[in-house]
Amino acid sequence: MKLCNLALIVLLAALAGAAGGSDLLREERIAKEIEETILSGYPLRLRADGIEFLAIHRESAVAQRRGGVVILHGRNANPDWHGVIHPLRSQLPDSGWETLSIQLPVTSLDAPEESYQALISESFPRIASAINFYQQRGVERIALIGHSLGVRMALEFLAANPDVRVRAVVAVGMSASRSTPVSGNLLALQKVNLPILDIYGSSDFDAVLTTAPLRLAEAHRAGNQAYRQLEVPGADHFFSGLDDLLVQRVRAWLQRIFSH
Numbered sequence: 009m010k011l012c013n014l015a016l017i018v019l020l021a022a023l024a025g026a027a028g029g030s031d032l033l034r035e036e037r038i039a040k041e042i043e044e045t046i047l048s049g050y051p052l053r054l055r056a057d058g059i060e061f062l063a064i065h066r067e068s069a070v071a072q073r074r075g076g077v078v079i080l081h082g083r084n085a086n087p088d089w090h091g092v093i094h095p096l097r098s099q100l101p102d103s104g105w106e107t108l109s110i111q112l113p114v115t116s117l118d119a120p121e122e123s124y125q126a127l128i129s130e131s132f133p134r135i136a137s138a139i140n141f142y143q144q145r146g147v148e149r150i151a152l153i154g155h156s157l158g159v160r161m162a163l164e165f166l167a168a169n170p171d172v173r174v175r176a177v178v179a180v181g182m183s184a185s186r187s188t189p190v191s192g193n194l195l196a197l198q199k200v201n202l203p204i205l206d207i208y209g210s211s212d213f214d215a216v217l218t219t220a221p222l223r224l225a226e227a228h229r230a231g232n233q234a235y236r237q238l239e240v241p242g243a244d245h246f247f248s249g250l251d252d253l254l255v256q257r258v259r260a261w262l263q264r265i266f267s268h
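Residue numbers for the sequence shown follow our numbering, so the first one is 9 and each next one is one higher.
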C-alpha cells in the first residue's frame, strides 16, 4: 500500500475514534514510567491523529532480517508488559524479526466497561503508523501480534482495511462473544483472510477457552485455510513461566508462513 493510502487510513480512523474515551494523561505517565527502564531495544515516538505515542523498536539481531512484527498489548498493559509482550518483542529479533511494540490507547482506571469499546477504533491510526514505520524502513514482510484486547484491535483494523500490507496475524489469548448477531473477533474472523495463529493456554480465561470452538468454526466457515488454533498445555492468559515456549511456538509459525 502506498504511503498516502496509509495516511488516509490514519485520518479516517482518527475521525471515527474522535469521540472516544482514551486517557492521554494516564498514557503519558505510563510512557514515562517505562521509557527509562527499557534494556532491550530503544524507545521512540510515533505520531497518529496529531498525538505522539510511545513505541519500542528492536532491530533484527542477525544479519538476515526476516521481516517486522507490530506487537499490540492487552487491556491495562503497555508496550513492555512483562507477560507475553516483553518476551516476544525482546526475543523474536534473535531469529531475524524486527519488533515494534506500540502503546495503545488506554482508559482511566475507573472507566466503565463500555469505554474499552471506543479504544478499538482509536487504535487504528496507531497501527497504521506502525506499519508505515516499517514500510519507510523497507520492511515488506509484516505481521501483527496481538494479546487479549490487542487481538481485537488487530483483527478489526484488518477487517476495516483489507488492502493494508500485513501478511499474517498472531492472536494470543483471543476471546469472543456469544452475542447474536455475531460481533467482535468472530465477525472480524469472517473478513480477515490471512494466515492466523490462534494460540492460547489450557488454563486461559473462560472467555478464551469456551469460545475456541466458535472461533475455529467461524474461520473455517469463512474459508480461511491458513487459520491454525493451538492450545498450549499448562499456560494461563499471560503464559506465566512459559515465556520461552510462547516465543518458540510463535517463531516457528512465522517462519513457516513466511517461507512460502
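For every residue, glycine included, the Cβ atom is placed at its ideal position computed from N, Cα and C.
Check: What did DSSP end up calling residue 75 once you bin it into helix, strand or coil?; Outcome: strand
Check: The alpha helix (DSSP H) that contains residue 266, what's its start and end?; Outcome: No alpha helix (DSSP H) holds residue 266; DSSP gives it neither H nor E.
Check: According to DSSP, simplified to helix, strand and coil, what is residue 250?; Outcome: coil
Check: Indicate whether residue 125 and residue 63 have their beta-carbon atoms separated by less than 9 angstroms.; Outcome: no
Check: Using the Cα positions of residue 58 and residue 121, report the straight-line distance between them to the nearest angstrom.; Outcome: 26 angstroms
Check: Short check: CB of residue 97 to CB of residue 48, under 9 angstroms?; Outcome: yes
Check: If you run the structure through DSSP and keep just helix, strand and coil, what is residue 154?; Outcome: strand
Check: Output the boundary residues of the alpha helix (DSSP H) element that contains residue 214.; Outcome: 214 to 217
Check: Which residues mark the beginning and the end of the alpha helix (DSSP H) in which residue 59 is found?; Outcome: First-last for residue 59: 59 to 66, but that is the beta strand (DSSP E), not the alpha helix (DSSP H).
Check: So residue 220 and residue 208 are supposed to be a Cβ contact under 8 angstroms. How far apart are they, rounded?; Outcome: 7 angstroms
Check: Where does residue 239 sit, in a helix, a strand or coil, going by DSSP?; Outcome: strand
Check: Hey, would you say residue 163 sits closer than 9 angstroms to residue 196, going by beta carbons?; Outcome: yes
Check: Three-state secondary structure (DSSP) at residue 209?; Outcome: strand
Check: What does a CB cutoff of less than 8 angstroms around residue 147 pick up in its chain, not counting 5 residues either side in sequence?; Outcome: 73, 75, 76, 106
Check: What does a CB cutoff of less than 6 angstroms around residue 158 pick up in its chain, not counting 5 residues either side in sequence?; Outcome: 80, 81, 82
Check: Relative to the alpha-carbon of residue 231, which residue among 243, 203, 218 has its alpha-carbon at the smallest distance?; Outcome: 203
Check: Can you give the Cα-Cα distance for residue 211 and residue 149, rounded to whole angstroms?; Outcome: 32 angstroms
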